[in-house]
Each structure stands twice: as C-alpha cells, then as structure tokens.
Amino acid sequence: MCAHLGVGARPGVPADDVLALVDAVLREAGLTRAAVRSLATLDARAAEPGVAGAAAELGVPLRGFAAGELAAVSVPHPSALPLAATGTSSVAEAAALLSAGTGVSATAESPRAELLVPKRKSRRVTCAIATCIPVCPHEHAPGVRLLPLAHGYIAGEPGSPPTIPTPHTTAAMDTHTHAHTDAHDLRHHGDAEVRDEKLIDLAVNVRTNTPPDWLRKRIADSLTGLAAYPDGRAARAAVAVRHDLPTGRVLLTAGAAEAFVLLARALPVRRPVVVHPQFTEPEAALLDAGHEVGRVLLRAEDGFRLDPAAVPEDADLVVIGNPTNPTSVLHPAESIAALARPGRTLVVDEAFMDAVPGERESLAGRTDVPGLVVLRSLTKTWGLAGLRIGYVLAEPETIALLEGAQPLWPVSTPALVAAEACMSPAALAEAEHAAHRIAVERAHLLAGLAEFDEVRTVAGAEGPFVLLRIDGADAIRDRLRLLGFAARRGDTFPGLDRNWLRLAVRDRATTNRFLQALDQALLLGG
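With my numbering applied, the sequence shown corresponds to residues 9 to 534, in that order.
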C-alpha cells in the first residue's frame with residue numbers, strides 16, 4: 009500500500025520530532041517507511057528545516073499546498089486552532105488527502121483518496137496518513153466515501169485529537185478452572201442483540217452489503233444440483249491451493265462452530281485451556297463434551313496481550329483467537345507459535361484474519377509448528393452466516409480424527425460452491441480491498457470514540473470490531489437500544505464485566521450517527 013503523509017508543524021520544530029510522530033502513525037497503520045510516497049504540508053511550512061529534513065530522511069518528495077487548496081478539502085476531524093491560523097481546520101488531514109488524490113481520477117461516485125489514519129498529535133506536530141484504495145466493482149458500501157464536513161461528528165474540544173496508543177507489556181495473568189456453573193453466558197452471541205428488533209446492528213461482526221452479487225449468483229446457480237449428494241473435493245482442493253497445502257491438511261466444516269465441537273469430541277484431551285477474553289463457543293463445546301476447562305485470563309491493564317509463559321505447561325489443548333474476538337488484539341504469530349509443545353494441540357481461531365490487511369501474523373499454511381490447528385470462517389467477510397461454511401487446517405492425522413467424527417455430507421452443496429468461489433484470486437483481492445477499507449473506517453470510529461472522556465478503547469485494534477470500556481456500559485447499551493443501535497454486551501466474555509461493549513466497524517455515515525447516539529446516551533446517564 010502507498011502511504012501519503014500530511015504534516016502540520018509549529019515553526020522551528022526539529023526533524024526528529026516530525027519523524028517520531030510519522031513513525032508512530034505508520035506503526036498504527038501497520039506500515040513501514042518504505043510505504044511512504046510523499047510528505048505534504050502547508051506551503052508556508054514546507055521551508056521549515058524540520059519538515060524538509062524529515063522528507064529528506066524518508067527519501068520522498070515534499071509537497072506544499074496553498075492555504076486555499078487545503079481549506080477546500082473537507083476533513084473528518086476539524087480543529088479550531090489551525091483553522092484560525094491557516095484557514096484550514098486540519099493541515100495534516102487535508103494535505104494527506106490532497107497528496108494522495110493528486111493525479112488520480114476521482115468522482116463523487118468513486119472517490120480515491122482515503123484517510124488510513126486520521127490526524128495524530130504530539131506537542132509540536134500533527135500527522136495523518138492517506139492512501140488511494142481502488143473501488144472494487146462488487147462493493148458499493150458508503151464506507152469508502154469521505155463525507156462532507158457537515159456530516160462529521162466531533163464531541164468536546166475539536167482541537168484535541170486522539171493520542172498514539174502506547175504498547176503494553178504483559179504482566180502475570182490469572183489461571184482459573186471453571187465448571188458448567190460459570191456466571192458467564194457462554195451461549196450468548198451478537199445475533200441475540202438484534203433478533204426480532206429493527207436496530208442498526210453494531211453487535212454482529214458480519215461485513216455489511218454481503219454477500220456480493222457475484223457470490224449470490226454462484227450460490228443460486230448451485231441450486232440446480234441439489235438432487236445430487238454434496239461433493240467437497242473441488243472446494244477442498246481450492247482451500248489447499250489458497251494456503252499452499254496438500255488436501256490432506258484441509259477439512260471443510262459447517263462453519264467454525266462445527267470445528268470447535270469436533271475438536272472437543274474427537275481429540276483425546278485431558279487438560280484443555282482457553283485463553284480469554286475470546287469467542288466463547290470453544291469453551292462451551294469443551295464443557296458439553298464433559299471436559300473441565302482451564303482459563304488463562306488476559307488483563308485489560310496489559311492491553312489483553314499474550315504472554316506465552318502464562319499458559320500452563322501441562323495443557324494438552326490450548327485455544328486462542330487471532331485477531332481475538334472481542335478485544336480486536338492481533339497477537340504476533342511467533343508468540344502464538346511459542347505455545348506449541350510435543351503432545352499439545354494448539355488451536356488458533358483465525359475467523360477474522362482475512363479482515364487484517366495482508367493477513368499479518370497468520371499461521372495458516374505453516375507446517376513447522378507441531379500440533380497446530382488453524383480454523384477459518386467465510387462467514388464474516390463474505391456474509392455467509394446463514395450458509396455455515398468454514399474450514400480446518402491441521403496435520404493429516406488430526407484432520408483424519410476430526411473427519412471421522414463428522415456426519416456424512418456435513419457441508420451442503422451451496423456452501424461448498426461458496427467456499428470454492430471465495431478462494432479464487434479475484435475473491436481474495438476483493439477481501440484484501442475490504443480489509444483496507446475496514447482499517448480506514450476503524451480509525452474513524454476510534455478517533456470519534458477518543459473524543460469522549462468516559463470511553464476507553466483497547467489499543468491496537470486490528471479486527472473489524474473494537475472493544476471499549478465505559479463505567480455502567482450495560483445501562484449505556486440499553487439507552488443506545490432506545491436510540492436505535494445494538495451494541496454487543498461484554499459481560500458474557502470471561503475476563504470482562506458489565507462495563508464493556510464491543511462495536512462492529514461500519515461505514516462512516518453509520519459511525520457518525522452512532523457517535524451522536526452515544527453522546528446522547530452518555531448525557532442521559534448524567
């Protein structure tokens with residue numbers, strides 16, 4: 009991805025200060041300096057030695073835009089101070105968008121310049137990142153469209169943008185064993201928040217405006233073959249090719265949920281451990297199969313980051329999500345791989361990995377990690393929750409055990425056709441485009457949430473959802489329902505309580521409306 013930096017700077021700022029903030033926003037976007045194509049600012053600041061020196065250090069051209077050019081750009085996070093000083097309400101955002109869009113054809117129907125990271129601020133510098141993301145012909149969601157300034161939402165003082173999150177180090181974690189009497193409702197899922205009610209859905213993590221038309225057609229065309237029994241060979245081969253694995257390492261399932269049940273029932277497990285907070289279905293399936301389940305609870309004060317040493321050595325089955333639902337934390341692949349042991353099955357739920365640009369930190373396709381089992385779902389990105397399709401990647405011996413526990417023809421013909429279609433190069437390119445869009449819209453949501461003093465979000469979110477803490481979030485959730493929005497309650501996840509909410513990332517217009525509703529809900533609470 010090409011990154012175009014916009015910078016606002018005070019007179020006399022040194023290059024090191026500019027570069028420090030640039031590096032911080034690049035880390036937030038998951039990019040390196042090699043991705044930077046230009047640095048832009050107000051023309052009156054282009055001669056500043058610190059700004060010019062930063063561009064030289066990055067090895068990119070420095071572009072200066074006139075105040076009138078910048079003022080003509082609608083920015084989502086305006087501030088009063090730069091408006092009074094320069095005539096534009098955000099030099100960084102406007103310069104980044106102008107630089108990314110210059111020389112690229114753009115229309116109202118298919119804008120090209122996108123903010124990847126909104127403005128971030130240090131003591132003397134502001135910085136934003138913009139990029140150009142081609143609009144896929146199958147996607148028409150408004151999430152890629154920057155709204156006019158009048159549609160933006162900023163709560164509180166507009167001159168106080170969110171700060172760069174600081175990485176957390178992980179301290180000791182608590183390990184507990186729980187039985188069926190656990191207070192958390194492990195069977196509660198986001199769809200219960202919206203069932204039978206007409207609410208704007210921020211509770212379910214399925215991408216909106218899906219399945220795309222081309223996939224609907226493929227599925228519809230498959231209905232002519234329903235008289236025949238399902239044949240999964242083509243879909244299985246397509247998954248194997250997609251991950252560069254032999255077919256003996258692939259098992260198709262009726263969604264990731266079936267895979268959790270198979271793992272709980274088919275494997276000879278003595279001491280299973282689940283790393284929480286995470287999707288609760290793995291533990292529920294293990295409990296249903298008669299297992300006593302240990303828990304490793306990651307802590308909020310550590311940013312819910314994994315310390316492999318916290319997992320008991322005698323655990324013979326370890327389950328962890330990546331990126332984790334509901335925290336949206338993306339654990340380093342090597343930290344998870346460090347959990348592998350002889351005689352241990354390491355289950356990594358990667359249901360949301362295809363929503364991460366480049367699928368960074370994925371273990372899918374790895375054959376050098378002993379006992380590794382990777383689960384994938386096509387539900388979230390492709391909008392196939394009602395079709396039930398997912399798959400398992402594991403050693404052939406593990407695949408054979410799981411397959412032996414499956415009923416005959418576990419995956420329907422339409423689901424098999426969908427799986428094969430979603431493995432095509434065009435589909436993978438579309439998923440990657442969607443992942444970049446989600447990153448843009450997640451940054452917008454987080455920037456809006458950062459304007460509320462009452463809200464604390466988990467730093468470093470990488471999934472298509474964010475986790476936030478508000479004192480009395482359960483009451484806030486009820487008020488949001490009255491205002492027309494459904495948010496996912498957090499207290500059903502082990503390790504969380506009633507003060508947590510999970511929000512799905514949606515398009516910019518929906519996010520702006522939600523932020524307005526959240527402001528009202530907080531005011532109603534006094």
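Glycine residues also receive a C-beta, built at the ideal position from the N, C-alpha and C atoms.
Continuous beta strand (DSSP E) stretch holding residue i: start and end
| i | result |
| --- | --- |
| Lys-129 | 121-129 |
| Thr-139 | 133-140 |
| Asp-357 | 353-357 |
| Ala-17 | 11-17 |
| Ile-208 | 208-210 |
| Arg-368 | It is not in any beta strand (DSSP E) - Arg-368 carries neither H nor E in the DSSP assignment. |
| Arg-477 | 473-477 |
Three-state secondary structure assigned by DSSP to residue i
| i | result |
| --- | --- |
| Ala-512 | strand |
| Pro-280 | strand |
| Leu-259 | strand |
| Leu-532 | helix |
| Gly-111 | With a pLDDT of only 38 at Gly-111, under the threshold of 50, the placement of this residue in the model should not be trusted, and no figure is reported. |
| Leu-452 | A small fix is needed here, since residue 452 is His in this sequence, not Leu. Residue state, collapsed to three classes: helix. |
| Ile-227 | helix |
| Asp-310 | helix |
| Asp-527 | helix |
| Arg-497 | strand |
| Thr-49 | strand |
| Pro-173 | For Pro-173, the predicted model reports a pLDDT of 33, less than 50, meaning its position is unreliable; a value from the coordinates is still stated below. The answer is coil: DSSP assigns Pro-173 none of H, G, I, E or B. |
| Asn-520 | helix |
| Thr-332 | coil |
| Thr-178 | Unreliable placement is indicated for Thr-178, whose pLDDT of 33 sits below 50; the coordinate value is still reported in the next sentence. Three-state DSSP puts Thr-178 in coil, outside helix and strand. |
| Arg-41 | helix |
| Val-99 | helix |
| Leu-271 | helix |
| Thr-232 | helix |
| Leu-155 | Residue confidence for Leu-155 is low, a pLDDT of 30 falling below 50, so the modelled location carries little weight; the figure read from the coordinates is stated next. Three-state result, Leu-155: coil. |
| Pro-254 | coil |
| Leu-457 | helix |
Short Cβ contact (8 Å threshold) for residue i with residue j
| i | j | result |
| --- | --- | --- |
| Leu-29 | Val-133 | yes |
| Arg-506 | Asp-486 | no |
| Arg-226 | Ala-439 | no |
| Ala-272 | Ala-297 | yes |
| Ile-397 | Leu-386 | yes |
| Ala-108 | His-12 | yes |
| Leu-253 | Leu-475 | no |
| Glu-403 | Arg-257 | yes |
| Val-277 | Leu-325 | yes |
| His-452 | Thr-519 | yes |
| Gly-503 | Leu-305 | yes |
| Gly-471 | Ala-363 | yes |
| His-85 | Pro-126 | yes |
| Asn-333 | Ile-344 | no |
| Ala-293 | Val-419 | no |
| Glu-289 | Ala-274 | no |
| Arg-71 | Ala-48 | yes |
| Ser-98 | Pro-69 | no |
| Val-448 | Leu-124 | yes |
| Cys-10 | Cys-135 | no |
Option in the options with minimal Cα separation from residue i
| i | options | result |
| --- | --- | --- |
| Val-83 | Ala-138, Thr-40, Ala-60 | Ala-138 |
| Ala-348 | Glu-321, Pro-331, Thr-519, Arg-18 | Glu-321 |
| Phe-493 | Asp-209, Val-364, His-85, Leu-13 | Asp-209 |
| Val-59 | Arg-278, Val-15, Leu-34 | Val-15 |
| Glu-65 | Phe-73, Val-26, Leu-106 | Val-26 |
| His-441 | Glu-367, Gly-394, Leu-488 | Glu-367 |
| Ala-54 | Ala-235, Val-33, Pro-19 | Pro-19 |
| Val-382 | Asp-357, Thr-421, Leu-410, Arg-35 | Asp-357 |
| Ala-317 | Glu-289, Leu-223, Pro-290, Val-283 | Val-283 |
| Gly-394 | Ala-408, Ala-423, Asp-376 | Ala-423 |
| Ala-495 | Val-212, Phe-73, Gly-67, Ala-32 | Val-212 |
| Ser-336 | Val-44, Arg-521, Arg-450, Asp-31 | Arg-450 |
Start-to-end residues for the alpha helix (DSSP H) that takes in residue i
| i | result |
| --- | --- |
| Ser-343 | 341-345 |
| Leu-66 | 57-66 |
| Asp-31 | 23-37 |
| Asp-482 | 481-490 |
| Gly-302 | Per DSSP, Gly-302 belongs to no alpha helix (DSSP H); it is in the beta strand (DSSP E), 301-305. |
| Val-247 | 241-250 |
| Ala-293 | 289-296 |
| Ala-75 | 75-79 |
What ranges does the beta strand (DSSP E) occupy inside the stretch 380-448, keeping only unbroken runs of at least 3 residues that lie completely in it?
380-385, 398-402
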